[in-house]
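Peer 1: So for the sequence shown, numbering that gives the first Met the number 0 puts the first residue at 0; every next one is plus one. Just so you know, even glycine gets a beta-carbon here, dropped at the ideal spot from N, CA and C. Note that the structure is predicted; figures quoted are calculated from it, not measured.
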Amino acid sequence: MAALDSYLDDLLARGRAYFSRDEALAALGLKSPALAAAITRSIKKRRLANPRHGFYLILRPEDRIAGAPDPVKWIDPLMQHQGIDYRISLLRAAAFHGSSHQATMVFQIVVPGQLRHFELGRHRLQFLSQAAASFAQVNTPELVSKMKSDDGFANVAGIELTLLDCVRYFHKAAGLNSVAQIAKDIGARANPRTLTKAAAVYENSTVRRLGYLLEQVGHGRQADALEPFVKRAKTMLPLDPAAKPLAKTLAQVHERSAKWKLVINETVEIPE
Numbered sequence: 000m001a002a003l004d005s006y007l008d009d010l011l012a013r014g015r016a017y018f019s020r021d022e023a024l025a026a027l028g029l030k031s032p033a034l035a036a037a038i039t040r041s042i043k044k045r046r047l048a049n050p051r052h053g054f055y056l057i058l059r060p061e062d063r064i065a066g067a068p069d070p071v072k073w074i075d076p077l078m079q080h081q082g083i084d085y086r087i088s089l090l091r092a093a094a095f096h097g098s099s100h101q102a103t104m105v106f107q108i109v110v111p112g113q114l115r116h117f118e119l120g121r122h123r124l125q126f127l128s129q130a131a132a133s134f135a136q137v138n139t140p141e142l143v144s145k146m147k148s149d150d151g152f153a154n155v156a157g158i159e160l161t162l163l164d165c166v167r168y169f170h171k172a173a174g175l176n177s178v179a180q181i182a183k184d185i186g187a188r189a190n191p192r193t194l195t196k197a198a199a200v201y202e203n204s205t206v207r208r209l210g211y212l213l214e215q216v217g218h219g220r221q222a223d224a225l226e227p228f229v230k231r232a233k234t235m236l237p238l239d240p241a242a243k244p245l246a247k248t249l250a251q252v253h254e255r256s257a258k259w260k261l262v263i264n265e266t267v268e269i270p271e
């Protein structure tokens, strides 16, 4: 146990608050059962946390109330440990880009595949899947920014990807009204050309819904950049696909946006 404690102190002194099982085995020269027992004791004493098998966080005193540091401090080494590319997106990315209305304990990450969600202390990490080919096209330096923390940097969706991700996964971003608020808060800073490039990788329905929302909140330049995508649409779609389908006899009750080929089956309300 003393050997592990010294190892943890040394890592913290070098500004590193995480390690892998293999790194500890190599550094300490312990056999696997002995290391496992020492780590288990440290977890019980709340000196370590274990977000994924074989990867550990060293908890400073200020981290112990929440059960773990802010995930932005360790998501990058965790994902490197797993060999998976990623980007922080949705609500946390929106907050990073200045959408002050977005405060959440859910830390949302887009990845090229399926990953199990998990909780660590008070933090909830939610993984959202994007097809690997599409992910590779947009998870590039042009479209992904860097979020700085005390312990390094993490990949975060740029403004354009944040907007597209929030619309695509709107049910995970607190609904259409929340997404409209995000569009209002950060949409003016989206580069129209960059937005168009990223939008080409997303479903046409996502792009049309984002265009409509950007137009509604007064960001005409960004909305206009997406209008050409409407030409590829063959049918009208509901603005909110989660709303209950309506009987055909009631369909005419709803406003329609010919410009975006959307049935406005949900009223978007944005606080002033």
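Give every residue of the same chain whose Cβ lies closer than 7 Å to the Cβ of Y6, excluding the five residues on either side of it in the sequence, and list them in chain order.
Peer 2: A23, A26 and L27
Peer 1: Report the three-state DSSP secondary structure of I38 (helix, strand or coil).
Peer 2: In this structure, I38 counts as helix in the three-state DSSP scheme.
Peer 1: Quick check: the stretch 36-48 against the stretch 85-105, are at least 3 beta-carbon pairs closer than 8 Å?
Peer 2: no
Peer 1: Can you check whether the CB of R208 is closer than 7 Å to the CB of V229?
Peer 2: no
Peer 1: Please list the terminal residues of the continuous beta strand (DSSP E) segment that includes S148.
Peer 2: Annotation: the continuous beta strand (DSSP E) that includes S148 extends over V143 to S148.
Peer 1: Do you know offhand how far D9's Cα is from R231's?
Peer 2: A straight line joining the alpha-carbon of D9 with that of R231 spans about 58 Å.
Peer 1: Determine which residues share a DSSP beta bridge with E118 and list them.
Peer 2: R123
Peer 1: Going by alpha carbons, who is nearest to A2 out of N190, K30, Q79 and P68?
Peer 2: K30
Peer 1: Classify H218 as buried or exposed, calling it buried when 16 or more other Cβ atoms lie within 10 Å of its own Cβ.
Peer 2: buried
Peer 1: Tell me whether S133 sits in a helix, a strand or coil according to DSSP, three-state version.
Peer 2: helix
Peer 1: Report the three-state DSSP secondary structure of A246 (helix, strand or coil).
Peer 2: Reliability of the predicted coordinates at A246 is poor, the pLDDT of 49 falling under 50, and no value is obtained from them.
Peer 1: Which complete beta strand (DSSP E) runs does the stretch 51-116 hold, if anything under 3 residues is left out?
Peer 2: 54-57 and 105-110
Peer 1: Give the single residue among L58, F54 and P32 whose Cα lies nearest to the Cα of K43.
Peer 2: L58
Peer 1: Buried or exposed: A242, going by 16 or more other Cβ atoms within 10 Å of its Cβ?
Peer 2: exposed
Peer 1: For A236, does the three-state DSSP call read helix, strand or coil?
Peer 2: Going by the sequence as given, residue 236 is Leu instead of Ala. L236 sits in a strand when the DSSP states are folded into three classes.
Peer 1: Residue range of the alpha helix (DSSP H) that G219 falls in?
Peer 2: Per DSSP, G219 belongs to the alpha helix (DSSP H) from G219 to L225.
Peer 1: Using CA coordinates, which residue listed in I158, W259 and R220 is at the minimum distance from M235?
Peer 2: W259
Peer 1: From what residue to what residue does the alpha helix (DSSP H) around Y6 run?
Peer 2: It spans A1 to A12 - the alpha helix (DSSP H) in which Y6 sits, taken as one unbroken run.
Peer 1: P68: buried (16+ other C-beta within 10 angstroms of its C-beta) or exposed?
Peer 2: buried
Peer 1: Do the CB positions of Q129 and V109 come within less than 7 Å of each other?
Peer 2: Cβ atoms of Q129 and V109: closer than 7 Å.
Peer 1: With H, G and I counted as helix, E and B as strand and the rest as coil, what does DSSP make of R272?
Peer 2: Only positions 0 to 271 of the chain appear in the structure, and residue 272 is not among them; the question remains open.
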